[in-house]
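Engineer: Numbering (my numbering), first residue to last: 16 to 86.
Heads up, the beta-carbon is just placed ideally off N, CA and C, and yes, glycines get one too.
My structure is below; once you've seen it, I'll send some questions.
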């Protein structure tokens with residue numbers, strides 16, 4: 016998934032702090048603007064919908080860790 020610098024997005028989901036202190040997001044969907052495209056990651060029961068090939072090693076998106084580069 017590629018984003019353009021400055022692109023507006025809306026993330027629907029939950030955030031939490033991981034065991035290492037990083038801020039994580041469990042995204043249900045990401046809405047891309049101005050295209051109006053919606054990328055869904057979870058079904059209506061919040062279960063992951065990606066395939067085995069994509070990998071289920073980690074279902075959160077790490078966005079910040081103090082002292083490290085954001086992902």
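Inspect the beta-carbon positions of residue 40 and residue 28 and report whether they are closer than 8 angstroms.
Structural biologist: In contact: residue 40 and residue 28 (Cβ atoms closer than 8 angstroms).
Engineer: Could you name the residues of the same chain whose beta carbon sits closer than 7 angstroms to that of residue 26, not counting the 5 residues immediately before and after it, in chain order?
Structural biologist: The answer, listed in chain order, is 40, 42 and 45.
Engineer: Using only the alpha-carbon positions, how far apart do residue 47 and residue 65 sit?
Structural biologist: If I take the Cα positions, the gap works out to 19 angstroms.
Engineer: Quick one: is residue 18 buried, meaning 16 or more other Cβ sit within 10 Å of its Cβ, or exposed?
Structural biologist: Its Cβ having fewer than 16 others within 10 Å, residue 18 is exposed.
Engineer: In the DSSP output, which residue or residues are listed as bridge partners for residue 63?
Structural biologist: Beta-bridge pairing links residue 63 to 57.
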